[in-house]
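In the numbering used here, the protein residues as written are 1200 to 1329.
And the structure:
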């Protein structure tokens, strides 16, 4: 009986740690951060990153490839920050890219976006009887 109570207490502590751990992580996220595809320029994809923060803050924008190697890094500060990034099409087709916004005050990743390239070629043939 003592082992059952002990296991139940350990289970409750584990459950509480998991629930509160996820809640704390969600609080760091920037709710207005967005990454959108802005089309292409000279056959290279362009992305626009918007950080819609209400208070003046400092962030680091880090772009990594799928191996974790940093492709680009920049420190920005202000309110309602917007940046456009053009990626090399050949490099982008070979690997996935991750955009991270790091809050420089807490040194935590505030938002992250994974971008994956998919190329689909559609060839349609239509036959119509006259």
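Ideal Cβ positions, reconstructed from N, Cα and C, are used throughout, including at glycine.
These numbers come from a predicted model, not from an experiment.
Check: Between residue 1282 and the rest of its own chain, which residues show a CB-CB distance below 8 Å, the 5 nearest in sequence each way excluded?; Outcome: 1247, 1248, 1260, 1273 and 1275
Check: Skipping 5 residues on each side, what residues in its chain have a beta carbon closer than 8 Å to that of residue 1287?; Outcome: 1243
Check: Which same chain residues end up closer than 7 Å to residue 1294 when comparing Cβ atoms and leaving out the 5 residues on each side of it in sequence?; Outcome: 1264 and 1265
Check: Taking only three categories from DSSP, how would you classify residue 1233?; Outcome: strand
Check: Residue 1263 by DSSP, collapsed to three states: which one?; Outcome: strand
Check: Please report how far the alpha carbon of residue 1310 lies from the alpha carbon of residue 1296, in whole angstroms.; Outcome: 14 Å
Check: Counting C-beta neighbours from all protein chains within 10 Å, is the total for residue 1241 16 or more, i.e. buried, or is it exposed?; Outcome: exposed
Check: Can the beta-carbon of residue 1192 be found closer than 7 Å to that of residue 1232?; Outcome: There is simply no residue 1192 to check, as the chain begins at 1200 and stops at 1329 in what is shown.
Check: Distance check for residue 1314 and residue 1307, CA to CA, integer angstroms please.; Outcome: 20 Å
Check: Would you mind giving the Cβ-Cβ distance between residue 1304 and residue 1256, rounded to the nearest angstrom? I have them listed as a contact below 8 Å.; Outcome: 7 Å
Check: In the DSSP output, what is residue 1249 paired with across the bridge?; Outcome: 1233 and 1281
Check: Quick one, are the C-beta atoms of residue 1298 and residue 1270 less than 7 Å apart?; Outcome: no
Check: Rounded to a whole number of angstroms, what is the C-alpha to C-alpha distance between residue 1252 and residue 1234?; Outcome: 14 Å
Check: Which residues in the same chain as residue 1312 place their Cβ atom closer than 6 Å to its Cβ, once the five residues preceding and following it in sequence are excluded?; Outcome: 1234 and 1298
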